[in-house]
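Below is one structure, written out as structure tokens; the observations come after it.
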Ligand code: SF4
Ligand code: SF4
């Protein structure tokens, strides 16, 4: 069951169907539960289970601070609780599927070939319970397009329940090489930003990175098919030893062949999943490509294409590239190094993935003093 | 090497030769470069062809709107006696060679017949300010009509600026005029090129530039250089004069072989080689000035580099394929004749009316289906012309039907004898030499010319 956890006052404002609302009574005593039941509230959330309730009741959470008012939670019959949507988080993401048609060398979320089409229904349920003023909602996988018509349905639901929310969908874009498939997404044009990785300016290198023959051509045709139907697209590239050697050429290629891209994201490697096992082919110290990265970013930016650099600590970037860097690693995923003590840039620096050991850190990490930012 | 869509890759001679012989490329980097530029494909060509097609469509997208540059020759009258004059002027004509108000009104109708959402209305002469009442009449007609039409309209005027009055400046300010004047360099050069009965053309021009800048703003006043044989010896001094006067742009175009210029060609003219030698020196000097921190662009280089370094259509109607004449430009002569280009009008003055598309009173459809337009359509696509079709520079170039007509009597002409072709081949070679071998400072300056000087990047978050 999915529930929207809401305070009593919020529950009564009727923004969400009451039957899907779990009223958070953890800091409110003396509420007439029968009355709540009679107006159709779905469930209640309490600190402990000492009280009989006419409504389904969730209580005695092991980590009570994890569930907050506004969140959407999934409650298993076993009593296991997952938070699927977090009000106020800097990024909320729907997980579309574990399946994928590529096998990228650095995949941080290695795919599983298992029928998980139940996720379609859950996503549609979830969309009804997400705050209507949410600016951006991510959809990721696996490869979301493998849901086929299911993804179309999800996007239809998003348009209905969250018309003001931009959907940022991570996809390898390969299935969009089929024009008919692209046309089935016509109604989503404008609301969705398709974030599609292009790892190189040529098929040999790109196909090697994604471990799939023909992927480069499919993705490029897909991007053009999307653009022709008025879709918004973003280009992404993960930076590692197999991609940085032609990064400057990739920027050139994007400007000439994908000038409709509204944003290019150049992203440091997240040392998770396959990235860990493929360290030998992927690892390169960020210092070694910082200059190239700087040139690529500047090249695109001065041609009017918005650029962001993700997951690269500020101290390894040349001064001119730092304005493109974003605090991209979410608070619960990031840590700082001992060197960061006393660094003047820590507030705007992304730091490091918690999951990454010291072995994934650049030798260039060093606190940045005041002089350097003056 | 260039692709159909204008991607380019510089190869050393040995690699080029072996590539041309279709030998396998040994160097993997070259292989990837050529594949990425769509100069080579490995498996099936479909994706490369599709991307090339999109790029080509983008590059030629100027075709969609129809003619956007509309030149009104409001008078042939002029008080200068320039030896090289590119237009046939009439000294002290007393209004006999001014455009009539009826002709003006009909020309405005033709202007709005063009489907283009963006229209540039350029006033030319003679000295157009000698017919200021005609200009005022035309602008007012256009503005009144545009209340409903809602086109994006820019007014420009090419003038010596010797006849400015407060009334004229006020009028130009209200209607946001872009002003272009002629400045040939330092005083002695300018005055020698532009004899006035009482002399002092240079001084009058500078006075005019200052008044116009005050009224319209620095950015609304630009200048064109006419290069005579005398000029070619003095590249640095000409550039210095532009810098001294605070111009951010200088356009080093050679003398056009039309109008009266042809008759005095022997005295004032020069060969393409002379011009290119001058241009190479002047461009080098301009780059040096930029490297020293003073920003000034050379407009010809900027136009060509914008074609070379971006996948987007050129805004320059004089160098595009299909030809800008007629397809991008229409010229309304004072007497009601409509021409496909300014050169077409000059050809007519020399007795060749091939590029006269009709009269302002003809329907737009009639003008666009005239024999002149048919001729231009048949001969105006560089990609199909002998010589051009095999030329590496063709993605950035355009045909010159007017030049070919005047030299060979047919609009296709012969590349080997074409001033237009020799000049552009030379210019492309100079620019590609910089692109292939230039230091990063030079490439940065080129980027500034093409994309504008970047503002300071703001810090994130
Ligand atoms: S020292 Fe730490 S906080 Fe400072 S820029 Fe480097 S990684 Fe970021
Ligand atoms: S440089 Fe000459 S041959 Fe080449 S396209 Fe231009 S006019 Fe034609």
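Residue numbers (our numbering), protein chains in the order written: chain A, 1 to 374; chain B, 1001 to 1461.
Even glycine gets a Cβ: it sits at the ideal position worked out from N, Cα and C.
Pick from the options that is closest to residue i, judged by C-alpha positions
{"i": "residue 1431(B)", "options": "1401(B), 1309(B) and 1369(B)", "result": "1309(B)"}
{"i": "residue 1229(B)", "options": "1138(B), 1007(B) and 1274(B)", "result": "1274(B)"}
{"i": "residue 1404(B)", "options": "1197(B), 1395(B), 1144(B) and 1375(B)", "result": "1375(B)"}
{"i": "residue 1306(B)", "options": "1450(B), 1109(B) and 1145(B)", "result": "1450(B)"}
{"i": "residue 1077(B)", "options": "1124(B), 1106(B) and 1045(B)", "result": "1124(B)"}
{"i": "residue 1159(B)", "options": "1147(B), 1169(B), 1140(B) and 1179(B)", "result": "1179(B)"}
{"i": "residue 321(A)", "options": "331(A), 131(A), 329(A) and 309(A)", "result": "309(A)"}
{"i": "residue 199(A)", "options": "234(A), 193(A), 180(A) and 182(A)", "result": "234(A)"}
{"i": "residue 191(A)", "options": "230(A), 217(A) and 218(A)", "result": "230(A)"}
{"i": "residue 398(A)", "options": "193(A), 355(A) and 265(A)", "result": "There is no way to answer for residue 398(A), as the model of chain A reaches only from 1 to 374."}
{"i": "residue 1216(B)", "options": "1183(B), 1068(B), 1237(B) and 1157(B)", "result": "1157(B)"}
{"i": "residue 141(A)", "options": "171(A), 150(A), 161(A) and 133(A)", "result": "171(A)"}
{"i": "residue 218(A)", "options": "12(A), 193(A) and 182(A)", "result": "182(A)"}
{"i": "residue 1322(B)", "options": "1214(B), 1056(B) and 1021(B)", "result": "1056(B)"}
{"i": "residue 1293(B)", "options": "1444(B), 1237(B) and 1351(B)", "result": "1444(B)"}
{"i": "residue 1177(B)", "options": "1135(B), 1446(B), 1184(B) and 1434(B)", "result": "1135(B)"}
{"i": "residue 88(A)", "options": "57(A), 124(A), 136(A) and 113(A)", "result": "136(A)"}
{"i": "residue 118(A)", "options": "72(A), 97(A) and 352(A)", "result": "97(A)"}
{"i": "residue 1030(B)", "options": "1408(B), 1016(B) and 1394(B)", "result": "1016(B)"}
{"i": "residue 1054(B)", "options": "305(A), 194(A), 258(A) and 36(A)", "result": "258(A)"}
{"i": "residue 68(A)", "options": "101(A), 3(A) and 49(A)", "result": "3(A)"}
Closer than 8 Å to chain B by CB, residue i
{"i": "residue 257(A)", "result": "yes"}
{"i": "residue 354(A)", "result": "no"}
Residues that residue i contacts on chain A, provided the C-beta gap is smaller than 8 Å
{"i": "residue 1302(B)", "result": "Within 8 Å Cβ-Cβ: nothing; residue 1302(B) doesn't reach chain A, min ~15 Å."}
Partner residues on chain A for residue i, Cβ-Cβ distance less than 7 Å
{"i": "residue 1047(B)", "result": "217, 220 and 221"}
{"i": "residue 1392(B)", "result": "Correct list: empty, because the minimum Cβ distance to chain A is about 17 Å."}
Spatial neighbours of residue i in its chain, beta-carbon cut-off 7 Å, leaving aside the 5 residues before and after
{"i": "residue 1460(B)", "result": "Residue confidence is low: residue 1460(B) scores 44 on pLDDT, short of 50, so the model does not pin down where it sits. No coordinate-derived value is stated."}
{"i": "residue 152(A)", "result": "184 and 185"}
{"i": "residue 1146(B)", "result": "1153"}
{"i": "residue 284(A)", "result": "240, 241 and 244"}
{"i": "residue 1207(B)", "result": "none"}
Under 8 Å by beta carbon: chain B residues contacting residue i
{"i": "residue 224(A)", "result": "1050, 1051 and 1054"}
{"i": "residue 253(A)", "result": "1036"}
{"i": "residue 26(A)", "result": "Ordered by position in chain B, no residue passes the 8 Å Cβ test against residue 26(A), which lies about 34 Å from the chain."}
Contacts of residue i in chain A (Cβ-Cβ under 9 Å)
{"i": "residue 1032(B)", "result": "200, 201, 202, 204, 205, 246 and 249"}
C-beta neighbour in chain A for residue i, strict 8 Å
{"i": "residue 1420(B)", "result": "no"}
{"i": "residue 1035(B)", "result": "yes"}
{"i": "residue 1313(B)", "result": "no"}
{"i": "residue 1463(B)", "result": "The structure shown does not extend to residue 1463(B), since chain B is modelled only from 1001 through 1461, so no value can be given for it."}
{"i": "residue 1454(B)", "result": "yes"}
{"i": "residue 1007(B)", "result": "yes"}
Nonlocal neighbours in the same chain, by C-beta distance under 8 Å from residue i, ignoring five residues either side
{"i": "residue 373(A)", "result": "Here residue 373(A) scores only 49 on pLDDT, less than 50, and its place in the model should not be relied on; the value that follows carries that caveat. Around residue 373(A): 344 and 345."}
{"i": "residue 243(A)", "result": "199, 200, 205, 209, 237 and 250"}
{"i": "residue 1397(B)", "result": "1319, 1321, 1382, 1388, 1391, 1424 and 1428"}
{"i": "residue 1366(B)", "result": "1358"}
Proximal residues to residue i (C-beta, below 6 Å), its chain only, five neighbours per side dropped
{"i": "residue 1058(B)", "result": "1311"}
{"i": "residue 1370(B)", "result": "1357 and 1358"}
{"i": "residue 955(B)", "result": "Missing from the structure shown is residue 955(B); chain B here goes from 1001 to 1461 and no further."}
{"i": "residue 337(A)", "result": "365"}
{"i": "residue 1048(B)", "result": "1038 and 1041"}
Partners in chain B for residue i, counting only beta-carbon separations shorter than 7 Å
{"i": "residue 303(A)", "result": "1451"}
Worksheet item: Going along the chain, which unbroken runs of the beta strand (DSSP E) with 3 or more residues stay wholly within the segment 1023-1084 of chain B?
Response: You should have 1069-1073.
Item to complete: Output the residue ranges of the beta strand (DSSP E) runs that lie fully inside the segment 176-241 of chain A and measure 3 residues or longer, sorted by chain position.
Response: Fully enclosed beta strand (DSSP E) runs of 3 or longer: 192-197 and 232-239.
Worksheet entry | Inside the segment 1264-1320 of chain B only - beta strand (DSSP E) runs reaching at least 3 residues | Listed in chain order, nothing qualifies, since the segment 1264-1320 of chain B has no complete beta strand (DSSP E) run of 3 or more residues.
Discussion item. As an exercise, report each continuous alpha helix (DSSP H) stretch of at least 4 residues that is fully enclosed by the segment 1148-1183 of chain B, in chain order.
Written reply: Runs of the alpha helix (DSSP H) inside the segment 1148-1183 of chain B: 1166-1174.
Discussion item. Which runs of the alpha helix (DSSP H) at least 4 residues long sit entirely within the segment 273-321 of chain A? Give them in chain order.
Written reply: Whole alpha helix (DSSP H) segments, 4+ residues: 274-277, 279-282 and 286-301.
Worksheet item: Where in the segment 56-81 of chain A do unbroken runs of the alpha helix (DSSP H), each at least 4 residues long, occur, reported from the N-terminal end onward?
Response: Listed in chain order, there is nothing to give.
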